Amino acid sequence: MRINGGYLPKITGRPSSIVEEIPLPRMLSVQLLRSGLRYEPRVKDGQSVEFGEVLAEASFPGGNLALPSPAAGKAALADGHLILEPTRSDVSPLQRFQPERIAWDQTVATLARSGVWPLFWSSATGGIPELAEERKPRAIVLNVVLTEPFRARGKVILKRSWSRIIQGLKFLPRLMEDYGTLEIILTAVRDPVARLIYSDLAGFAWIHFQPVPLRYPVENPRVLVQALRRSSPKLEKDSVLWVIDAQAAEAVGACLAEGLPLHQRVVVAGGPGCTNPRHLAVRIGTPVNTFAPQGGGPQVATLRGGLLRGERVDPALAAVQYDDDAFFFLPEGTSRQFLAFLRPGFDRTSYLPCFASRLTGAADRRISTYLRGERRPCITCGLCEKVCPARIMPQILHRYLYRQALPEAEKAGLERCVDCNLCTFVCPSKIELQKQFSEARQLLQMERAEALGARTSTSTEQTK
Amino acid sequence: MKGLKAILEKARPAFEEGGRLARLKPVFQALDHFLFAAAEKASNAPFGRDPLDVKRFMSLVILALLPSLAAAIYFYGWRVLLMLLVSYAAGGLVEVLFAIIRKEEINEGFLVTGFIFPLILPPGIPLWLVAVGVSFGVVIGKEIFGGTGRNLFNPALVGRVFLAIGYPAALTSTWIQPLGGSWGRLLEPFGFGVPDALTSATPLALAKGGALTGAFELFVGRTAGSAGETSALAILLGGLFLLLVGAANWRTVLALLASFAGLAAVFHGLLPATVPPVWFHLLSGGLLFGAFFMATDPVSGPVTRAGKWAYGILIGAVTILIRSFTAYVEGVMFAILLGNIFAPLIDEVVIRLKARSYAHER
Chain V
1 MRINGGYLPK ITGRPSSIVE EIPLPRMLSV QLLRSGLRYE PRVKDGQSVE FGEVLAEASF
61 PGGNLALPSP AAGKAALADG HLILEPTRSD VSPLQRFQPE RIAWDQTVAT LARSGVWPLF
121 WSSATGGIPE LAEERKPRAI VLNVVLTEPF RARGKVILKR SWSRIIQGLK FLPRLMEDYG
181 TLEIILTAVR DPVARLIYSD LAGFAWIHFQ PVPLRYPVEN PRVLVQALRR SSPKLEKDSV
241 LWVIDAQAAE AVGACLAEGL PLHQRVVVAG GPGCTNPRHL AVRIGTPVNT FAPQGGGPQV
301 ATLRGGLLRG ERVDPALAAV QYDDDAFFFL PEGTSRQFLA FLRPGFDRTS YLPCFASRLT
361 GAADRRISTY LRGERRPCIT CGLCEKVCPA RIMPQILHRY LYRQALPEAE KAGLERCVDC
421 NLCTFVCPSK IELQKQFSEA RQLLQMERAE ALGARTSTST EQTK
Chain E
465 MKGLKAILEK ARPAFEEGGR LARLKPVFQA LDHFLFAAAE KASNAPFGRD PLDVKRFMSL
525 VILALLPSLA AAIYFYGWRV LLMLLVSYAA GGLVEVLFAI IRKEEINEGF LVTGFIFPLI
585 LPPGIPLWLV AVGVSFGVVI GKEIFGGTGR NLFNPALVGR VFLAIGYPAA LTSTWIQPLG
645 GSWGRLLEPF GFGVPDALTS ATPLALAKGG ALTGAFELFV GRTAGSAGET SALAILLGGL
705 FLLLVGAANW RTVLALLASF AGLAAVFHGL LPATVPPVWF HLLSGGLLFG AFFMATDPVS
765 GPVTRAGKWA YGILIGAVTI LIRSFTAYVE GVMFAILLGN IFAPLIDEVV IRLKARSYAH
825 ER
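Chains V and E supply the protein sequences, listed in that same order. If you count by the working numbering, then the first sequence holds residues 1 to 464, one letter each, in order. If you count by the working numbering, then the second sequence holds residues 465 to 826, one letter each, in order.
What follows is the structure, given as structure tokens:
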């Protein structure tokens, strides 16, 4: 499949493919906010809970989504989150199913109760698929290519939990339309992994393999779906597609075939601020401090997520949640380099081949929380247009929004933005493009809602 | 370096709000940020950023202009360096004044304008004209539009056109004839005065009379002409570097040169007596300099990638039309300014086409 634009910055601190098991900590912390949904606690303060018991629930179109307990222990309520003091570390399976004998509604109910459902992404909603969706997906896209520095790599997950993933994939046809297909995204179709998946899944699903370039942001579901629609003319324009990643497939397998609700994540501790970048298998709720680089302290910023989309968190308060797969440790900028812009730059990499690292192939060793430049007016260098995966022209949008011309910006493709943050990353004038765009989109949605409200109110007045 | 940093830190309070020299804050800030990388941190995701900034971007252009400057000094003497200093001093003063009045930071874009300006002037021009031209260019071409990034026209070209119209005599008869020896004019002393070897015969002017200058002379630049524009060798060296590091857009350059060469070939085929052959046109005058260093100015050109093709084609075609069928011997300057005028229009067309393609997309 062809992917527009995109860029994969070369950064030091790439995690090794060894997965280290982190023992169960003495305290787990579960946030009651997940993918924008607020969960209501279903346990009382000080109550003992079993492994897999529902800790909190959120109502969602078509039913309830639940957060299952990652371990047996004693629960305590706190502001916005839930503290769990584990008493036993064992995981005991709940109900198991077989892919040939499970009905659609049972599949959905089990996945929603086990915390797996929010790992799915649907093109119909632009987020979590509705539980009672009339329209089943035409195809489910399994993405193995996670490029953002540094998210848990698909190949590492595949190697670690091969049989669970295969089990999970066998259940997926239950969720799809009849004759729905499984589209597997890999970097090369000739990948030996492709043949293995094919032989292990024979008879269960119709599989297609789609090769993609190893460039951020191929893992963005909107980018993937758009590329898939372009490359397969057989897909109808409004057909529903779901996107999942390797960890979601593993979670489906664990939940349905083995009866284990979502209780563990493979996350990456990586980045230049990390002394030992690696993959970690951790129980959900594990505090970030248990694996954060020692002695990092205020010298290292902790980002939840990768370098490009990650948000700053306090490692003392943050814990691994149900959707996490990356923690990026970025050194805080401390020293101002002498004549930095005149240096040949063997130790920094840029989107433009204008540093000497291009000759040696070195990775960026100097990246920090610094902006690495001054804020300037746009010089229309066009780099943002080049990297944009959504085929929009950020420099034009910026110009429109600078003079508050929202309708023009909308026409120029404002809502096609997929929030990959690449334009903001490469901008030499250090303009906060992504922030500007997301604020403009919110404004646009508010205006639309207001217009809709006004129309309905006038129509009710007319009927009076 | 530590001492330097300490001095800056000691001086900083005086330039902050309420300090004795608060008005001069832009000057201090420019010096501070020139010497040491800025310390501002990213406030939004992504929290790590690409190391490319406007300073680096502009210094790449200046680096690419160094061969042309060296060639100019070699062929026309140390006077060219003096012109550069005058251009930086006068233009820099204007830029600093505007920054202080506007309370904005001093923008690096001026460093490129001030460097390019003397290179597109006749090397024998009186120095006060350099100062007048660059000041006019920076004020009218850039500052009144809001500074670098918001200007419609290439400021260096605005200054050049102002001089060409306001002082035509000084601009058409102050070319210097290069010396033949292997040291060029390097051994001549610095001089404020105008050298004696002035001529009004540039290769393009001579070609109007039917006398073609040799290809080798044109290629190395041993002819009369604007200081930095004559040496095709030096321009190609710098220009290719600029394309290689990605600071200039190859689409503009390719479209410009291709449309220029194509039309030149057609005209030469139709009117071999009045229009010189393609190789001559390509190597003479300011075409290559304009193509690599002026038309590729991202600010005054079109914003969109597709628009850059149309922009290049337009400039190339207009240049050869002016050169072949008007009283002017040189046309790049006017062609690029005309291109600057058309750039927003080209962008508008590209944006509409693109918006239409969104609607048809699956």
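We put the CB at the ideal spot given by N, CA and C, even for glycine. None of the values given here were measured: they were computed from a predicted structure.
Contact of E:A755 with chain V is not assigned, every C-beta pair being separated by 8 Å or more. The three-state secondary structure of V:S48, taken from DSSP, is strand.
As DSSP reads the structure, V:S122 sits in a beta bridge with V:G127 and V:W242. Taking C-beta atoms under 8 Å as the contact rule, E:G588 and E:T666 fail to qualify, at a distance of about 12 Å. Annotation for V:L443: L406 place their beta carbon closer than 7 Å to its own, counting only its chain and skipping 5 residues before and after. Among the residues of the segment 407-434 of chain V, those with a Cβ less than 9 Å away from any Cβ of chain E are E408, K411, A412, G413, R416, N421, L422, T424, F425, V426, C427, P428, S429, K430, E432 and Q434, in the order of the chain. For V:T302, the number of other beta carbons within 10 angstroms of its own is at least 16, and it is reported as buried.
Proximity of chain V to E:N571 at the Cβ level (cut-off 7 Å) is accounted for by R376, in chain order. The beta-bridge partner set that DSSP reports for E:L468 is empty.
Beyond the five residues adjoining it in sequence on each side, V:M446 comes within less than 8 Å, by CB distance, of no other residue in the same chain. With a cutoff of 8 Å on beta-carbon distance, V:D325 and V:V267 are scored as near each other. The C-beta of V:T369 comes closer than 8 Å to at least one C-beta of chain E.
Interface annotation, V:L330: in contact with chain E, CB-CB separation under 8 Å.
Listed in chain order, the positions of the segment 162-178 of chain V with a beta carbon within less than 8 Å of a beta carbon of chain E would be empty, since no residue qualifies. Near chain V, meaning a CB-to-CB distance below 7 Å, the residues of the segment 490-511 of chain E are H497, L499, F500, A501, A502, A503, E504, K505, A506, N508, A509, P510 and F511. Relative to the Cα of V:V218, the nearest Cα in the group V:R88, V:R2, V:A254 and V:A454 belongs to V:R2.
Between E:A494 and E:I570, the C-beta spacing is below 8 Å. Distance between V:G345 and V:E450, taken at the CA atoms: about 51 Å. Among the bridge pairs identified by DSSP, V:I184 is matched with V:L142 and V:F209. The C-beta distance from E:L778 to E:G803 rounds to 5 Å, short enough to fall under 8 Å. Put simply, the backbone Cα of E:V625 is about 49 Å away from that of V:E332. With respect to V:V243, V:W117 sits apart: the two C-beta atoms are not nearer than 8 Å. The secondary-structure analysis by DSSP pairs V:V300 across a beta bridge with V:P331. DSSP, reduced to helix, strand and coil, places V:Y216 outside both helices and strands of the structure shown, so it counts as coil. The segment 220-231 of chain V makes no contact with the segment 78-94 of chain V, as fewer than three CB pairs between them are under 8 Å.
By the Cβ neighbour-count rule, E:E825 is exposed, with fewer than 16 other Cβ atoms within 10 Å of its own.
At least one CB of chain V lies nearer than 8 Å to the CB of E:L516. At least one CB of chain V lies nearer than 8 Å to the CB of E:A711. If only uninterrupted alpha helix (DSSP H) runs of at least 4 residues are considered, those enclosed by the segment 719-785 of chain E are 742-747.
Residues of the segment 313-341 of chain V whose Cβ lies closer than 7 Å to any Cβ of chain E, in chain order: L330, G333, R336, Q337, F338, L339, A340 and F341.
DSSP, reduced to helix, strand and coil, places V:F355 outside both helices and strands of the structure shown, so it counts as coil. Residue contact with chain V for E:M465: present (Cβ-Cβ distance below 8 Å to some residue of chain V). Here the alpha carbon of V:L146 sits roughly 27 Å from the alpha carbon of V:E236. Taking 9 Å as the upper bound on Cβ-Cβ separation, chain V lies near residues G610, G611, T612, G613 and R614 of the segment 609-625 of chain E. When C-beta distances to chain V are compared with 9 Å, the residues of the segment 794-818 of chain E below that value are D811, V814, I815, R816 and K818, in chain order.
Contact annotation: the segment 568-583 of chain E touches the segment 608-622 of chain E, with at least three C-beta pairs closer than 8 Å.
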